[in-house]
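Note sheet for the following structure.
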Amino acid sequence: MNKEEKIKYMKRAIELASLGEGFVNPNPLVGALIVKDGKIIGEGYHEHYGGPHAEVNAFNNASESVEAATMFVTLEPCSHYGKTPPCALKIIEKKIKKVIIAKIDPNPLVSFKGVKLLEEAGIEVEYGLLEDEVNYQNEIFFKYIQTKEPFVAIKYAMTLDGKIATHTKDSKWITNEKSRNYVHELRNKYMAIMVGVGTIIHDDAKLNVRLKDKKIKNPIRIIIDPNLETPFDSYVVTTATLQPTWIVTERYNEEYIKYGVRLIQMDKINLKELMKLLGKEKIDSVFIEGGSFTHGSSLDENIVDKVYAFISPKLIGGKDALTPVGGLGVSLMKDAKVLKNIKYHYFDEDILIEGNI
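Numbering (the numbering used here), first residue to last: 124 to 480.
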């Protein structure tokens, strides 16, 4: 099998892995396929948290005997007993001849142990093929498994002159429908979505996922609300039994509990401490769609891993019009946060700049 063929098969495994977005957290996205005599005879991916792993699903979907076949898998097969038995042992049992892995698992429970088991059983192992693509696909999992804190992204949409609303706070709509639909794709990837209470008061935001023809899983809604100003008739409160709503606050009011809202009390709201708390709750990712203040506070407290900035070719002006990032900011340009691993996406006339901090 030449390199081009290997890349083709691994790309397919990565495509399969993406089908689990939103449903496997806090587990990684993993895809696997089995190739024999130049054709794919089995495919699978990790479909939901606690369910069979990608390798097992590929075996279960195989159209013929997998003995002496080659398996492509995006992440190193596990070697420990968790919610499911070790995949490495299943591969050995099925008499696979060769395993090609994109990425060695950084999870200390697993790292290189799966490879060792396979090699000790006489199975040939290659790894590192399209590793960068899997690093990107699983950036949420890799941060969470190594730090036990969630991967945090902020998203905003602005005009070409850097405004997120007019001076009257009107913001519907800055970007086009394609851009707005993609935001729902992003929401579907993250376990939680976070805003400041101002977004709830001003917009009565739903903070849910609305996608046609795609399986969705609504995120946990987290509202930063120090003084408990979230209206009882707001959408996030009245639907709290259908989609979880957590309010982070410095106060207490039992009335919210009656609606099914969870109150997270802190003496003084500290976003870094909040991220540690969310990590303990097994929240692996937070998508911040707040306003200027929430974005600024998040950057000031250095909790942000990624930025999604949608830019529309519109000019609205106004010295009092809101900008995407408030907070303290930096005093010197040399201290500016510079994005890396930048990707550009185009939605007709809109541009999305995506990058890591």
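Beta carbons: idealized from backbone N, C-alpha and C, even for Gly. Being a predicted model, the structure only gives us computed values, none of them experimental.
Residue i versus residue j - alpha carbon distance
{"i": "A99", "j": "V453", "result": "Coverage of the chain is limited to positions 124 through 480, which leaves residue 99 absent and any answer about it impossible."}
{"i": "P209", "j": "C201", "result": "5 Å"}
{"i": "V257", "j": "H307", "result": "22 Å"}
{"i": "Y204", "j": "N230", "result": "14 Å"}
{"i": "L283", "j": "H290", "result": "15 Å"}
{"i": "K329", "j": "I411", "result": "14 Å"}
{"i": "T361", "j": "I343", "result": "14 Å"}
{"i": "G154", "j": "L451", "result": "43 Å"}
{"i": "K131", "j": "I224", "result": "13 Å"}
{"i": "P151", "j": "D356", "result": "37 Å"}
{"i": "R303", "j": "Y279", "result": "11 Å"}
{"i": "V461", "j": "I434", "result": "18 Å"}
{"i": "N464", "j": "K457", "result": "19 Å"}
{"i": "D443", "j": "E396", "result": "32 Å"}
Same chain, Cβ closer than 7 Å to residue i, five either side skipped, listed in chain order
{"i": "S294", "result": "I287, A288"}
{"i": "P175", "result": "T207"}
Contacting residues, own chain, Cβ-Cβ under 6 Å from residue i (five flanking each side not counted)
{"i": "K466", "result": "E477"}
{"i": "H468", "result": "L475"}
{"i": "S408", "result": "I263, P273, F274, Y313, M314"}
{"i": "K220", "result": "A191"}
{"i": "L285", "result": "It is Gly, not Leu, that sits at residue 285 in the sequence shown. Same-chain partners within the cutoff: T446."}
{"i": "A177", "result": "V153, G154, A155, G167, Y168, H169"}
Residue i - DSSP class collapsed to helix/strand/coil
{"i": "L462", "result": "coil"}
{"i": "E242", "result": "helix"}
{"i": "L253", "result": "coil"}
{"i": "N258", "result": "helix"}
{"i": "F265", "result": "helix"}
{"i": "S415", "result": "helix"}
{"i": "T282", "result": "strand"}
{"i": "L475", "result": "strand"}
{"i": "A432", "result": "strand"}
{"i": "M314", "result": "coil"}
{"i": "R344", "result": "strand"}
8 Å contact criterion, which residue i and residue j should meet: CB distance rounded
{"i": "I277", "j": "V427", "result": "6 Å"}
{"i": "E199", "j": "G237", "result": "5 Å"}
{"i": "I137", "j": "Q260", "result": "6 Å"}
{"i": "G145", "j": "I339", "result": "7 Å"}
{"i": "G414", "j": "T298", "result": "With 8 Å as the limit, G414 and T298 do not qualify as a contact, their Cβ atoms being about 16 Å apart."}
{"i": "I347", "j": "E373", "result": "That belief does not hold up - the Cβ atoms of I347 and E373 are roughly 10 Å apart, past 8 Å."}
{"i": "T368", "j": "V320", "result": "Actually they do not touch by this definition, with Cβ atoms about 12 Å apart."}
{"i": "D170", "j": "N180", "result": "The question names Asp, but residue 170 is Glu in the sequence shown. E170 to N180, Cβ: 7 Å. Contact."}
Same chain, Cβ closer than 8 Å to residue i, five either side skipped, listed in chain order
{"i": "M398", "result": "E272, P273, V275, V409, I426"}
Could you name each continuous beta strand (DSSP E) segment of 3 residues or more that falls completely within the region 187-236, going from the start of the chain to the end? 193-198, 221-226
Just list the beta strand (DSSP E) runs in the region 352-400, keeping only unbroken ones of 3 residues or longer that don't cross its boundaries, in chain order. 368-372, 385-388
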